[in-house]
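Counting in our numbering, the sequence shown runs from 11 upward without gaps. Each residue gets a CB set at the ideal place from its N, CA and C atoms; glycine is no exception. Written out below as structure tokens is the structure these notes cover.
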Amino acid sequence: MNPVEKWTRDDLLQLISNQTPESIVLEYKSSDALVVTDKAKKELAKDVSAFANSAGGTIVFGIREKNQVPLSLDEGADPVIISPEWIEQVINSGVQRRIPGLRIVQIQLGSSPRRVAYAVQIPPSPQAPHQAPDKRYYKRFNFQSVPMEDYEIRDTSRRQAAPELSVLLNVVSLKKESFLTFHLQNESQAPCTAARLNLWIDTRLKLNTNGLRGETWLFLESKPVFLRSQFGLIKMDQMNVDWSAASGVPCFAGCPAEVPFSLKLERAKGRAASAIRWKIISPGCDPIRRFQIVESDPLVGFRIGEPHSKEQILTMASAPWLSK
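Right under this line is the structure:
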């Protein structure tokens with residue numbers, strides 16, 4: 011499937027045909043949930059705040075569901091009445107504090123321009139916890155938005171006091187060689203001085219570890235590990251890399267830190283795609299786990315896909331990396 015910001019009607023139909031269930035990061039709602047009433051506005055703000063206070067995710071408006079499984083598209087919403095700007099205004103006015111990085115995607119349904127679905131993509135917010143209109147704080151639990159306990163509110167409020175790390179993958183192409191490089195990114199105001207990067211590399215991704223560059227703070231597992239999915243077992247090699255602010259300069263917001271090693275990539279004979287899983291660990295913050303797709307094409311070279319959670323990546327039933 012395409013990234014959420016590029017979804018079309020076909021992507022929604024694929025969610026339905028694959029019977030992709032709701033999860034902690036995915037929820038389906040009918041278009042009737044987007045109506046101009048105080049009750050509907052409060053419910054929208056509450057649900058969005060719950061995703062932001064948890065692991066983030068996507069709410070799809072325009073799909074009928076039963077027992078957390080999508081059934082069909084509904085008639086959609088009228089974009090003249092329910093516009094992306096209206097949805098954003100309802101969320102921003104109903105949720106305290108404002109959620110950074112929120113995306114609202116309008117999806118055309120059929121040939122009529124007067125019928126649309128919406129996908130609201132909510133990141134796990136570094137500004138959490140966010141308060142709903144009823145002055146409560148909510149989280150995602152068992153496919154619902156439920157009130158948070160006091161200790162959960164306190165834990166969530168410490169997100170800003172700890173690093174908020176992610177990994178930036180990039181391909182550096184030289185004249186005859188290409189290398190996969192890694193940088194740490196920090197979205198928090200709290201600096202990071204040390205981290206461990208765990209990597210799981212799809213064995214179908216051709217790597218030459220003899221082409222390893224940089225300092226060898228690397229441990230390569232002797233035995234492969236497997237990702238168990240609904241598509242079967244996916245064989246992966248595991249690597250662990252330690253990073254520290256050896257020069258005294260920490261990783262802070264707006265200044266990515268280079269991880270001092272890279273892997274040499276070997277071009278496949280034809281088009282291919284494989285998966286990389288990474289987990290970043292740092293003192294004082296929760297581990298972050300994501301998957302990314304590495305595509306290879308003999309004509310255009312390598313391309314790195316957007317990061318996805320495990321739940322999101324396993325919904326990509328048509329992704330070429332899942333083919334054996």
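Test item: CB-CB of residue i and residue j under 7 angstroms
| i | j | result |
| --- | --- | --- |
| residue 129 | residue 115 | yes |
| residue 65 | residue 101 | no |
| residue 108 | residue 131 | no |
| residue 205 | residue 253 | yes |
| residue 312 | residue 188 | yes |
| residue 67 | residue 36 | yes |
| residue 266 | residue 193 | yes |
| residue 136 | residue 197 | yes |
| residue 153 | residue 78 | yes |
Burial state of residue i, where buried means 16 or more other Cβ atoms lie within 10 Å
| i | result |
| --- | --- |
| residue 212 | buried |
| residue 81 | exposed |
| residue 12 | exposed |
| residue 27 | exposed |
| residue 317 | buried |
| residue 120 | exposed |
| residue 47 | exposed |
| residue 184 | exposed |
| residue 103 | exposed |
DSSP-derived helix/strand/coil call for residue i
| i | result |
| --- | --- |
| residue 91 | coil |
| residue 319 | coil |
| residue 160 | helix |
| residue 311 | strand |
| residue 125 | coil |
| residue 221 | With a pLDDT of 43 at residue 221, under the threshold of 50, the modelled position of that residue is not reliable, and the figure given next carries that caveat. DSSP places residue 221 in strand when its eight states are reduced to three. |
| residue 200 | coil |
| residue 25 | helix |
| residue 34 | coil |
Residues near residue i in its chain [Cβ-Cβ closer than 8 angstroms; skip 5 each side]
| i | result |
| --- | --- |
| residue 50 | 43 and 44 |
| residue 74 | 38, 40, 80, 81, 82, 83 and 84 |
Residue i beta carbon near the ligand SAH (any heavy atom closer than 6 angstroms)
| i | result |
| --- | --- |
| residue 318 | The ligand SAH is not part of this structure, which contains no ligands at all. |
Cβ-based neighbour list, residue i, same chain, cut-off 7 angstroms, excluding 5 preceding and 5 following
| i | result |
| --- | --- |
| residue 277 | 306 and 308 |
| residue 260 | 201, 202 and 203 |
| residue 92 | 44 |
| residue 331 | With a pLDDT of only 43 at residue 331, under 50, the local geometry of the prediction cannot be trusted, and the value read off the model is given with reservation. Correct list, in chain order: 212, 283, 284, 285 and 303. |
6 angstroms CB neighbourhood of residue i in its chain, flanking five on each side removed
| i | result |
| --- | --- |
| residue 289 | 208, 297 and 299 |
| residue 295 | 172 and 173 |
| residue 319 | 35 |
7 angstroms Cβ cutoff, residue i in contact with chain B
| i | result |
| --- | --- |
| residue 306 | The structure shown has no chain B; it contains just one protein chain. |
Would you call the stretch 142-153 in contact with the stretch 55-73, where contact means no fewer than 3 C-beta pairs closer than 8 angstroms? At 8 angstroms Cβ cutoff, the stretches touch.
The stretch 80-90 touching the stretch 155-165, judged by at least three CB pairs closer than 8 angstroms: Two segments are said to touch when three or more pairs of C-beta atoms, one from each, lie closer than 8 angstroms; by this definition the stretch 80-90 does not touch the stretch 155-165.
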